[in-house]
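Student: Have a look at this one.
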Amino acid sequence: MKNKSIILIAILLIGFLTGTVSALDTESLAELEYKVLDSYNHDPKAFTQGLEIHENYLYEGTGLYGRSSLRKVDIQSGRVLNKIKLESEYFGEGITILNNKIYQLSWKENTAFVYDLDFNLLKKFSYQGEGWGLTNNGEQIIMSDGSQYLYYRDPETFEVLKKISVKNNKQPVKNLNELEYQEGFIYANIWQTDYIIKIDAQSGATAAYLDLSGILSTDYQGEIDVLNGIAYDPQAQNFLVTGKLWPKMYRIEFAD
């Protein structure tokens, strides 16, 4: 735990000096308390980029060139029920499901894919800039690109309808990554940190933060990357969280 804290501090310090990681003024934010309800197996080869629960199944988008995929997963066992691989020139990113269509971004390839629930490709969209995280509010697609901005897009055309700037204490919060929308708020992983922030979906104001440092408990000796992946379970009314190349996924509940 001590070694992990030192590494995290070093990453944040380097990121702050190089401008790659936003400093998050946690003293001005409410901290969300949580408890771990359960843990599940997660494919340690899955470089998790997008996570979503739909009709009691977990859908996951993974990244890395030559290894990017879209998956349907049984939550309890971690077993992959369906999977397609992206062509090797695409680095898969965030996913979301709206109107029984799965949307998946690519990182630098300016391409979004749209599938049906059986993973048949329906169409592709082109967009400017990088693709990072995706979620939806039931009407629009909401996208991050690693900056401080969130983009609301038309699900039929992928046209940008509006964008909001995410700020904490009037300072921009960058490196917004994987997203999850729930009841007027957007939960966003902050890349290269163990933080998830809670964002007002209308104003972009940061309302609270969640510190998940130390949640990964395992004797797994393989490669493990950063926290990334948050999915709301509407039936259980709690969240699943995991990370890139993590062997575990956790069900968490926010305390009152």
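Our numbering applies: residue 9 is where the sequence shown begins, and numbers increase by one. Heads up, the beta-carbon is just placed ideally off N, CA and C, and yes, glycines get one too.
In whole angstroms, give me the CA-to-CA distance for glutamine 57 and isoleucine 105.
Tutor: Rounded to the nearest angstrom, the two C-alpha atoms are 14 Å apart.
Student: CB-CB under 8 Å to asparagine 236, same chain, minus the five flanking residues each way: which ones, in chain order?
Tutor: For asparagine 236, where only same-chain residues beyond five positions count, the Cβ hits under 8 Å are Thr56, Gln57, Asn185, Glu186, Asn197, Trp199, Thr250, Gly251 and Lys252.
Student: Compare the C-beta of isoleucine 83 with all C-beta atoms of chain D and state if any pair is closer than 8 Å.
Tutor: Among the chains in the structure shown there is no chain D, since it carries only a single protein chain.
Student: In terms of alpha-carbon separation, which member of His62, Tyr65, Lys109 and Leu113 lies closest to serine 77?
Tutor: Out of His62, Tyr65, Lys109 and Leu113, Leu113 has the C-alpha closest to the C-alpha of serine 77.
Student: Would the stretch 62-72 and the stretch 34-41 be scored as touching if the rule is three or more Cβ pairs under 8 Å?
Tutor: Not touching, per the Cβ criterion.
Student: Would you mind stating whether leucine 248 and leucine 129 have Cβ atoms separated by less than 8 Å?
Tutor: Cβ distance not < 8 Å, so leucine 248 and leucine 129 don't count as in contact.
Student: What residues in its chain sit with their C-beta under 7 Å from that of lysine 116, if we drop five residues either side in the sequence?
Tutor: So the qualifying residues of the chain are Phe99 and Glu138.
Student: My output table needs one value for glutamate 117: the three-state DSSP class, helix, strand or coil.
Tutor: Residue state, collapsed to three classes: coil.
Student: Looking at threonine 143: is its Cβ nearer than 8 Å to the Cβ of tyrosine 189?
Tutor: Taking 8 Å as the Cβ cut-off, threonine 143 and tyrosine 189 qualify as a contacting pair.
Student: Considering just the uninterrupted stretch of the beta strand (DSSP E) at phenylalanine 262, what are its terminal residues?
Tutor: Residues 256-262.
Student: Looking at isoleucine 205: is its Cβ nearer than 8 Å to the Cβ of valine 181?
Tutor: In contact: isoleucine 205 and valine 181 (Cβ atoms closer than 8 Å).
Student: Going by other Cβ atoms of all chains shown within 10 Å of its Cβ, with 16 needed for buried, is alanine 263 buried or exposed?
Tutor: The residue in question, alanine 263, is exposed, as its Cβ has fewer than 16 Cβ neighbours within 10 Å.
Student: Please report the straight-line C-alpha distance between tyrosine 160 and serine 36, rounded to a whole angstrom.
Tutor: Rounded to whole angstroms, tyrosine 160 to serine 36 spans 27 Å at the Cα level.
Student: Under the three-state reduction of DSSP, which class applies to serine 47: helix, strand or coil?
Tutor: Strand at serine 47.
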